[in-house]
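Down below is the structure, laid out as structure tokens.
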Amino acid sequence: MYCQLIGGAISVEPRINDRIRVPEVRLVGPAGEQVGIVKIEDALRLALEADLDLVEVAPTSKPPVCKIM
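Written as structure tokens, this is what we have:
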């Protein structure tokens, strides 16, 4: 995980695409629509098909929330 010190606060870069290492995610589509809980492989495939990235936006949720953007 990449951390950078900026003005006293720690900035943590979000995980994207193959850096997301969980079996399933709660997926949000590119238009903000709730897709549901899907396997990470399916989420990555949908992002790839849309020529977009899968970004982990809420890593501490169970399961983590990812958005295609």
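Just so we're aligned: the sequence shown equals residues 1 to 69 in the numbering used here. Glycine residues also receive a C-beta, built at the ideal position from the N, C-alpha and C atoms. Because the structure is a prediction, the values reported are computed rather than measured.
Original post:
Between which two residues does the beta strand (DSSP E) containing Arg26 stretch?
Top reply: Translated into positions along the sequence shown, residue 26 becomes position 26. Where Arg26 is concerned, the enclosing beta strand (DSSP E) stretches over Glu24 to Val28.
**OP:** Inspect the beta-carbon positions of Glu56 and Arg15 and report whether they are closer than 8 Å.
**Re:** Counted from its first residue, the sequence shown places residue 56 at position 56. Counted from its first residue, the sequence shown places residue 15 at position 15. Their beta carbons are under 8 Å apart, which means Glu56 touches Arg15 by this criterion.
Subject >> Neighbour-count burial assignment, Met1, 16 or more Cβ in a 10 Å radius >> reply: Numbered from its first residue, the sequence shown carries residue 1 at position 1. The pLDDT assigned to Met1 is 47, lower than 50, so where the model puts this residue is not dependable, and the model offers no usable value.
Subject >> Exposure of Val28, with buried meaning 16 or more beta-carbon neighbours within 10 Å >> reply: Residue mapping note: residue 28 aligns to position 28 of the sequence shown, counting from 1. Val28 sits buried, since 16 or more C-beta atoms from the chains shown fall within 10 Å of its C-beta.
**OP:** Could you check the C-alpha separation between Arg19 and Glu33 for me, to the nearest Å?
**Re:** Taking the first residue of the sequence shown as position 1, residue 19 is located at position 19. Taking the first residue of the sequence shown as position 1, residue 33 is located at position 33. Computed Cα separation, rounded: 23 Å.
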